[in-house]
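Quick notes on the structure that follows.
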Amino acid sequence: MELGFHIPIFDIDGGPTAIAGELARVGAAAEASGATWLSFMDHYFQIEPTGLPAEANMLEGYTTLGFLAAHTSTIELGLLVTGVTYRHPGLLAKIVTTLDVLSGGRAALGIGAAWFEREHRGLGVAFPSVAERFERLEEALRICDQMWDPQNNGPFEGKHYQLAETLCSPQPIARPKVLIGGSGERKTLRLVAQYGDACNLFGTSPQDVEHKLDVLRRHCDDLGRDYDRIRKTIIANNPRPTPDTRDEFVRDMADYAKLGVHTVIVVPTTGSPAAWIDGIAPVVPQLAELG
Numbered sequence: 001m002e003l004g005f006h007i008p009i010f011d012i013d014g015g016p017t018a019i020a021g022e023l024a025r026v027g028a029a030a031e032a033s034g035a036t037w038l039s040f041m042d043h044y045f046q047i048e049p050t051g052l053p054a055e056a057n058m059l060e061g062y063t064t065l066g067f068l069a070a071h072t073s074t075i076e077l078g079l080l081v082t083g084v085t086y087r088h089p090g091l092l093a094k095i096v097t098t099l100d101v102l103s104g105g106r107a108a109l110g111i112g113a114a115w116f117e118r119e120h121r122g123l124g125v126a127f128p129s130v131a132e133r134f135e136r137l138e139e140a141l142r143i144c145d146q147m148w149d150p151q152n153n154g155p156f157e158g159k160h161y162q163l164a165e166t167l168c169s170p171q172p173i174a175r176p177k178v179l180i181g182g183s184g185e186r187k188t189l190r191l192v193a194q195y196g197d198a199c200n201l202f203g204t205s206p207q208d209v210e211h212k213l214d215v216l217r218r219h220c221d222d223l224g225r226d227y228d229r230i231r232k233t234i235i236a237n238n239p240r241p242t243p244d245t246r247d248e249f250v251r252d253m254a255d256y257a258k259l260g261v262h263t264v265i266v267v268p269t270t271g272s273p274a275a276w277i278d279g280i281a282p283v284v285p286q287l288a289e290l291g
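All letters in the sequence shown, in the order written, are residues 1 to 291 by full-length UniProt numbering.
The structure is reproduced here in structure tokens:
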């Protein structure tokens, strides 16, 4: 099992002028630990699940990833996850391609249907119905697939998006892996089975994750997709490891490893995330022993 880090909080010790330096240290600490994934949120206002108000600091995700691309060299970079409503899919494919080229082939496309209505309304971004957002999500996945096919620069005609050309030059150095976030059994996991290279599930319990993976397997069977080719990831907020609870955390993660979960993503919530990462770095080889 591999370890990843997800950074949702930008209220950094020292204030806004300290954010850039701290994020550079986060990148260095994450790579030094042996972690394989580093991500940020795709939000414009802070979200309530972090325990902070909407007015708390929040950075634009892809600009932040571009900064980290210059301060890292091995770790995979992505957003967990891009809201499909925030960027036109053709532009999104170009943005992720740019990140991939400038990072040397380390970009991932994490994507989902979006949910935070307040920031949409606040910044004047259209917030259609759930059904329409999922329609747009599927079209966005198809557009990115076409944009990253160097043999297909032709048009795309969808219900919500129409592109006269899907030209993307340069092409990504390494075709970005598509991680679809969410646990919805009827729509989201079907999209994972059809279009995803990876899924991201909230690790509320091994039993819950096992059920979601069974649903994903059934979708794969229905679509003729090889279930084992999809990378399974979880966010582990409870328990979250600390320097004093690393062994307990690894024991808890063993149940997920047995289910085939490849990567557990943990979330520092302090104002000094780089130091937090340094403190739990020994978890990485322990998790690797789980297989």
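No residue lacks a Cβ here, since even glycine has one placed at the ideal position from N, Cα and C.
Whole-Å CB distance - residue i paired with residue j, under 8 angstroms assumed
| i | j | result |
| --- | --- | --- |
| residue 26 | residue 273 | 5 angstroms |
| residue 40 | residue 79 | 6 angstroms |
| residue 173 | residue 284 | Residue 173 to residue 284, Cβ: 26 angstroms. No contact. |
| residue 45 | residue 119 | 4 angstroms |
| residue 92 | residue 85 | That pair is no contact at about 11 angstroms. |
| residue 190 | residue 219 | 5 angstroms |
| residue 213 | residue 259 | 6 angstroms |
| residue 5 | residue 35 | 6 angstroms |
| residue 234 | residue 261 | 5 angstroms |
| residue 180 | residue 112 | 7 angstroms |
| residue 225 | residue 193 | 5 angstroms |
| residue 108 | residue 176 | 5 angstroms |
| residue 263 | residue 115 | Not confirmed; about 23 angstroms, so no contact. |
Three-state class that DSSP yields for residue i in the structure shown
| i | result |
| --- | --- |
| residue 37 | strand |
| residue 220 | helix |
| residue 99 | helix |
| residue 142 | helix |
| residue 257 | helix |
| residue 19 | helix |
| residue 187 | coil |
| residue 82 | strand |
| residue 109 | strand |
| residue 198 | strand |
| residue 135 | helix |
| residue 156 | strand |
| residue 163 | strand |
| residue 46 | coil |
| residue 55 | coil |
| residue 27 | helix |
| residue 211 | helix |
| residue 239 | coil |
| residue 226 | coil |
| residue 14 | coil |
| residue 104 | coil |
| residue 127 | coil |
| residue 252 | helix |
Distance, residue j Cα to residue i Cα
| i | j | result |
| --- | --- | --- |
| residue 98 | residue 159 | 27 angstroms |
| residue 29 | residue 178 | 25 angstroms |
| residue 277 | residue 110 | 22 angstroms |
| residue 2 | residue 222 | 29 angstroms |
| residue 106 | residue 282 | 24 angstroms |
| residue 103 | residue 197 | 20 angstroms |
| residue 239 | residue 184 | 23 angstroms |
| residue 10 | residue 58 | 6 angstroms |
| residue 22 | residue 202 | 27 angstroms |
| residue 289 | residue 89 | 39 angstroms |
| residue 24 | residue 155 | 40 angstroms |
| residue 275 | residue 61 | 22 angstroms |
| residue 122 | residue 217 | 39 angstroms |
| residue 12 | residue 280 | 19 angstroms |
| residue 161 | residue 247 | 49 angstroms |
| residue 252 | residue 14 | 35 angstroms |
| residue 52 | residue 127 | 23 angstroms |
| residue 243 | residue 249 | 10 angstroms |
| residue 31 | residue 68 | 11 angstroms |
| residue 171 | residue 204 | 38 angstroms |
| residue 143 | residue 157 | 10 angstroms |
| residue 141 | residue 195 | 7 angstroms |
| residue 267 | residue 50 | 10 angstroms |
| residue 130 | residue 199 | 20 angstroms |
Cutoff 8 angstroms: residue i Cβ touching any chain C Cβ
| i | result |
| --- | --- |
| residue 91 | Of the protein chains in this structure there is only one, and it is not chain C. |
Endpoints, the beta strand (DSSP E) within which residue i is located
| i | result |
| --- | --- |
| residue 79 | 76 to 79 |
| residue 5 | 2 to 7 |
| residue 233 | 231 to 235 |
| residue 67 | Where residue 67 is concerned, there is no enclosing beta strand (DSSP E), although the alpha helix (DSSP H) it sits in stretches over 61 to 69. |
| residue 266 | 263 to 266 |
| residue 181 | 177 to 181 |
N-terminal and C-terminal residue of the alpha helix (DSSP H) that residue i is part of
| i | result |
| --- | --- |
| residue 280 | 273 to 280 |
| residue 122 | 117 to 123 |
| residue 286 | 283 to 288 |
Near the ligand ADP: residue i beta-carbon under 7 angstroms from a heavy atom
| i | result |
| --- | --- |
| residue 225 | Judged by which ligands are present, the structure shown has none, so any question about the ligand ADP falls away. |
Examine the Cβ distances between the segment 212 to 231 and the segment 160 to 174 and report whether three or more of them are shorter than 8 angstroms.
no
Count Cβ pairs between the segment 67 to 76 and the segment 141 to 155 that sit closer than 8 angstroms; are there 3 or more?
no
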